[in-house]
Each structure stands twice: as structure tokens, then as C-alpha cells.
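**Student:** In this note's numbering, the protein residues as written are 91 to 278.
Each residue gets a CB set at the ideal place from its N, CA and C atoms; glycine is no exception.
Please read all numbers here as calculations on a predicted model, not as lab measurements.
Input: one structure, supplied below.
Following this line, the structure appears as C-alpha cells:
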């Protein structure tokens, strides 16, 4: 469950940064002052940015799921089908939001909780703009495990462009909705 929650938090890290920058600019311009709510906002946003970044790093670098050797038969880059719609939600939601008001702060928290429930319950881990900003592309692939003949499908993240098909890669398959291809273990 912690992995799923950390992936959700990381998906919203760009929005947390936008809201944090907005808050800093408003305080520097004298439009806001440090009061209890603004201090809570600062602490919460720094905590969310830190947890989201650490959670993503942990999922990418320290994933203990078993690595499986696969052969990719077919791939389709579908990054653009998910990224822009989700990122526009950030801009639409974060920019006009005035977190210096208690009512807006409560709405902000409730929206994050509601989206989090949907995100985790529907395994929407592949919708993660932070990964795209870090150079990962999102693919639908058809593959088979080496030593197994059954063709399966999965959603994967690959840093850069996945241009080599019918080659072997090591993949830590979290589930059919989310995994990373490990370039460092591919066979030529």
C-alpha cells in the first residue's frame, strides 16, 4: 500500500511545486503574511514534495519486485494520451487556488484525497507527469517472458525512447498497469 500511495504523491509533485512557488511569490510580494495557515501550507507542501520525490525514487531505484526477462514484441508510445490532460489539471487547479483561506485549503485537501482514492483504486500509476518530466515515456507493450510462450500486455515506463523491439529486457513487473524497463540489463 505504501508503494501505491508514494506513486500517487509523486504524480502530484509538479502541482505541489506550482502551489509552493505561488505561495512564495505571494509572500515575497507582500500579498500574504506568515500566519498559522500559511505556515501549515508551507510545511505541508514541502512534506508532499519530499514524500512524492522520495517515493518515486524509491519505486524506481529500490524496487524489490522480482525482475523478469522479457522480449518486447510490439510497443506504442502513449505518453501524450495521459500527460497533457493530467498536467492541465494541475495548472487549472493550482494557479487560481488561494490557500490562504481555510475554505480553499480544505477543498484542496479534499480534492487530493478524492483523486487519490480513484488513482489507487483504479491502478492509475501510469499517469505520472513527474516521470515524464524526468525523461520517461509511457508505453503499451505486448511481450512474453523468456521461457514462457504466453503473450501478455503491460504498461511500462522507459527512460528515453523505446526503439528496439524483439530484444530482451529485464523488467520488474509491479502489475499490468505499471513497471519500469531496466535499460542497464538489456541484451544486445
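So residue 223 and residue 149 are in contact, right, with Cβ under 8 Å, and what is the actual spacing, rounded?
**Tutor:** That pair is no contact at about 16 Å.
**Student:** Within 10 angstroms of its Cβ, does residue 218 collect 16 or more other Cβ (buried), or is it exposed?
**Tutor:** Per the 10 Å Cβ criterion, buried.
**Student:** Just curious, the beta strand (DSSP E) that residue 167 is in, first and last residue?
**Tutor:** From DSSP, the beta strand (DSSP E) with residue 167 extends over 157-167.
**Student:** Beta carbon of residue 195, beta carbon of residue 189: below 7 Å?
**Tutor:** Closer than 7 Å, so yes.
**Student:** Helix, strand or coil: which one does DSSP assign to residue 275?
**Tutor:** With a pLDDT of only 47 at residue 275, under 50, the local geometry of the prediction cannot be trusted, and no value is derived from it.
**Student:** Measuring CB to CB, does residue 230 end up less than 7 Å from residue 168?
**Tutor:** Against a cut-off of 7 Å, the Cβ pair of residue 168 and residue 230 comes out as a contact.
**Student:** Three or more beta-carbon pairs under 8 Å between the segment 127-141 and the segment 100-115, yes or no?
**Tutor:** With a cut-off of 8 Å, the segment 100-115 and the segment 127-141 count as touching, because enough Cβ pairs lie within range.
**Student:** Would you identify the three-state DSSP class for residue 231, choosing helix, strand or coil?
**Tutor:** Residue 231: strand per DSSP, three-state reduction.
**Student:** Classify residue 248: buried if its beta carbon has 16 or more other beta carbons within 10 angstroms, exposed otherwise.
**Tutor:** Buried, since its Cβ has 16 or more Cβ neighbours within 10 Å.
**Student:** In this structure, what does DSSP give as the bridge partners for residue 244?
**Tutor:** The partner list for residue 244 (beta bridge, DSSP) reads 231.
**Student:** Verify whether the separation of the beta carbon atoms of residue 139 and residue 103 is less than 7 Å.
**Tutor:** It is a contact, given that the beta carbons lie within the stated cut-off.
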